[in-house]
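There are 2 protein chains.
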Amino acid sequence: MLDYEREPMNIALLGFGTVGRGVDQIIATRVPNIAVTRILELPDRICDERMTSNFADIVGDEDIELVVECMGGIEPAHTFIAEALRAGKHVVTSNKAVIAAHFAEFAQLAREHDVAFLIEASVGGGIPWIASIEKARRVDEVQSFWGIMNGTTNFVIDSMRKEGLDFGVALAQAQELGYAERDPSADIDGIDVANKTIITACVSFDVDCVRDLPVTGIATLQAADIVALAERGLTVKLFGRGAQRDGAYAVAVEPVAVPVDSLEASVPTNFNLMSFVGTTVDELKFYGQGAGSLPTGNAIVQDIIDAHGGKRPCYDFSRSLAYDPTLLVGDYVYRSSVAPQGSEEWAQGYWLVRNQTPVEARALLERLWTEDASAFMVALPQKG
Amino acid sequence: MLDYEREPMNIALLGFGTVGRGVDQIIATRVPNIAVTRILELPDRICDERMTSNFADIVGDEDIELVVECMGGIEPAHTFIAEALRAGKHVVTSNKAVIAAHFAEFAQLAREHDVAFLIEASVGGGIPWIASIEKARRVDEVQSFWGIMNGTTNFVIDSMRKEGLDFGVALAQAQELGYAERDPSADIDGIDVANKTIITACVSFDVDCVRDLPVTGIATLQAADIVALAERGLTVKLFGRGAQRDGAYAVAVEPVAVPVDSLEASVPTNFNLMSFVGTTVDELKFYGQGAGSLPTGNAIVQDIIDAHGGKRPCYDFSRSLAYDPTLLVGDYVYRSSVAPQGSEEWAQGYWLVRNQTPVEARALLERLWTEDASAFMVALPQKG
């Protein structure tokens, strides 16, 4: 434990699921000067003398300096985070949905009450993604970011590609192995990636990112699509993406075709790989476990140590960047029983539409779905 | 420039080559509160009023709080760094050779004089490798590390693989394009990777790493070797590696066979990809430009900002880990006109020797070289 000797600090956990247990275990075994003294749990799950089902016991406890929110969902997480910040407690959270919905509000409360609001665990699990972007921004502008931000969809695509499985079979396998939820729609439809993309854009571009970005998942991906892409030296991954240029920014979530010899194509099972380009540092990529009790717990514990050490990231989103989807214009391929207007045939049953923004590409997919509910869309790699 | 407002600081550069110019450019254009006020240069290269050829002008200047050493080589870099630390100045350096040779001495001087000694730029250029390992170690033990730490050799291997070139042709091409030095031996023979491996082991394992680790480069790699490996679903990369377990550690530099669908196999041109495994964070990988004026300059400027902000990494190497090469035991394949004793045929002209330490593997290669100076060795992927 390098360079880390400070006064002891008491903290509370809100929620004691996979992530909360990981945090408790790491702190108990590896961080001598921090103690989890209270845990918020449902009344019927109280099984530890630290536990309470009354948030007032935690927010009113002056010995607690920091609150870890790992309940998930918007409410009551939003209310509890806001109250903890108002009570002058640092907040660390892994809850991407509540951050994506209320980032600017939480950042302002943290600033007003001079406490830390830290979110490393919300994107990429144990990968030091948010902290690396913040560090890069001390010197550089982040010009663009992209990558595999969801382990469930990567696991499904990887099984489809390596074992030739159909989407439904691969998804069922992922559910059986615990890599996908019983209701997998938040992962499969790109909602999880959309939240992570919004958070990454906020931190990268210092902007209160739009919430109504174009979001397309992989629910209509078929084994045949992977074969058709492979014949062109490509495969598919679900990307969150963003770009900033000339006073504007754009964001999107969509399936993207990547060369089979790219690092992205090689990402196995449920791992994540996220990249950004900074003005002087150029391209950096970060790979690791995007979920799981200990990796995500590690990211939270790192944030706790940083808060304890005085780190106060200042997100003010004061920059007036315009939202401009033309920054991500590119070529898209559609599989559809009907040819889109103005398209060229790309392969049998596949149609190429050039120079669309992600918003236009998504709108076209929705039009195709009215005639062919199984239609699939993938963005081709950008040239240059 | 997020969360970064401090008193102005004056700094000096020792050396004004590729890296020094990058630092000067980044600071002048992107870091308003730091100024390069002195530059040490050779007498016949003085062309700027900040320049002096007398180190005493810098070390004796009380307005200079930090010295960036980017001259390279052991002396006078070693003397200048030690004198600057003794004079109470922070030191930031990209010079892997002098750190690998004198890390413990510099760390002790920095501790005694309560100044920062920061080395991010010495391994992996702009990749936040050293800082990420230090951060991980606040919570985790680093159990192992490995990766592509040298862009020149990756460029050569990548050209050989993609264009089917012979080693000499690929090397000449790399020299022509500026990716290899006129005297490429430090890169090709693994010396550069050895220095980076020593530094990484010191930081990862908190130990004053041995200097006489086994080091094998790629000077005898042939196009046929890449073909033979490809037939088994493998390719080759030059790795620096280390492991820690049960109170012992091991390090090595050697060609390693990696699966063709691994991220390592996909690393193009002169990029670097370095990985470590931490107790709770699991496996993390970091990819980026391992050299170049702006990426390396960026790493130095990040260290300058950290020193300015009060960061004082404490390397004391106080842990008594034993050096034990058996931690990296594995199987090796040799191409040699003579079959090594106890080997099995792996492919025509290739011999498999099981369960060797890197030290034994290197000793065997040296014995083979007495009979076949073109012999080549590659470590097979570890199982499990």
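Top line first, the protein sequences correspond to chains A and B.
Per my numbering, the first sequence starts with residue 1042, numbered consecutively.
Per my numbering, the second sequence starts with residue 1042, numbered consecutively.
Think of the CB as a built atom: it goes at the ideal place given N, C-alpha and C, for glycine as much as any other residue.
Against S1307 of chain B, the close residues of chain A are D1302, S1303, L1304, A1306 and S1307, in the order they occur along the chain (beta-carbon pairs closer than 8 angstroms). Short of 6 angstroms from the beta carbon of A1380 of chain A, and not among the five residues preceding or following it, lie these beta carbons of its own chain, in chain order: W1392.
Contact between I1240 of chain B and A1141 of chain B holds, since their C-beta atoms are separated by about 6 angstroms, short of 8 angstroms. Assignment of L1218 of chain A by DSSP, reduced to helix, strand and coil, places it in the coil class. The DSSP-derived three-state label of M1201 of chain A is helix. For L1126 of chain B, the enclosing alpha helix (DSSP H) covers residues A1118 to R1127. Straight across, the Cα-Cα distance linking V1139 of chain A with G1113 of chain A is about 8 angstroms. Taken atom to atom, the span from the alpha-carbon of D1207 of chain B to that of V1164 of chain A is near 44 angstroms. A1414 of chain A is bridged by DSSP to nothing; it lacks a bridge partner. DSSP lists B:L1275 as the bridge partner or partners of P1300 of chain B. The DSSP assignment places complete beta strand (DSSP E) segments of no fewer than 3 residues inside the region 1156 to 1192 of chain B at 1183 to 1189, in order along the chain. C-alpha of V1132 of chain A to C-alpha of G1166 of chain A: approximately 17 angstroms in a straight line. Taking the CA atoms as reference points, R1127 of chain B sits about 12 angstroms from F1158 of chain B. I1067 of chain B and L1335 of chain B have their C-alpha atoms some 7 angstroms from each other. Closest option to S1226 of chain A, judged by alpha-carbon separation, among A:H1119, A:V1108, A:N1095 and A:V1256: A:V1256. Interface flag for L1325 of chain B against chain A is set, since a Cβ pair is found closer than 8 angstroms. One thing to note: I1122 of chain B has its Cβ no nearer than 8 angstroms to the Cβ of I1052 of chain B. In the three-state scheme derived from DSSP, where H, G and I count as helix and E and B as strand, N1074 of chain B is classed as coil.
The beta carbon of I1160 of chain A sits no closer than 8 angstroms to any beta carbon of chain B.
Under the three-state reduction of DSSP, Q1423 of chain B is assigned to coil, being neither helix nor strand. A1284 of chain B and S1361 of chain B have their C-alpha atoms roughly 15 angstroms apart.
Interface annotation, P1336 of chain A: in contact with chain B, CB-CB separation under 8 angstroms. Sequence-distant Cβ neighbours of G1390 of chain B in its own chain, meaning closer than 7 angstroms and more than five residues away, are R1376. Shown here, I1080 of chain A sits in a strand according to DSSP, grouped into three states.
At a cut-off of 8 angstroms between beta-carbon atoms, T1257 of chain A makes no contact with chain B. Contact annotation: R1091 of chain A and V1077 of chain A have beta-carbon atoms nearer than 8 angstroms. Spatial neighbours of P1422 of chain A in its own chain (CB-CB distance under 7 angstroms, excluding positions within 5 residues in sequence) are listed in chain order as A1298, V1299 and P1300.
Cβ neighbours of F1327 of chain A within its own chain (closer than 6 angstroms, five residues either side excluded): I1168, W1170 and M1315.
Shortest Cα-Cα distance from A1177 of chain A to any of B:G1383, B:I1341, B:A1388 and B:R1353 involves B:I1341. When DSSP reads this structure, F1327 of chain B sits in a beta bridge with A:F1327 and B:M1315. Here DSSP, grouped into helix, strand and coil, assigns F1280 of chain A to strand.
No Cβ of chain B is located within less than 8 angstroms of the beta carbon of R1282 of chain A.
CA-to-CA, the gap between L1409 of chain A and M1418 of chain A works out to about 10 angstroms.
In this structure A1211 of chain A is buried. Its beta-carbon is surrounded by 16 or more other beta-carbon atoms within 10 angstroms. Inter-segment contact for the region 1145 to 1161 of chain A and the region 1304 to 1323 of chain A is absent: fewer than three beta-carbon pairs are separated by less than 8 angstroms. Following the DSSP letters along the chain, one finds H1131 of chain B inside the beta strand (DSSP E) bounded by residues H1131 to T1134.
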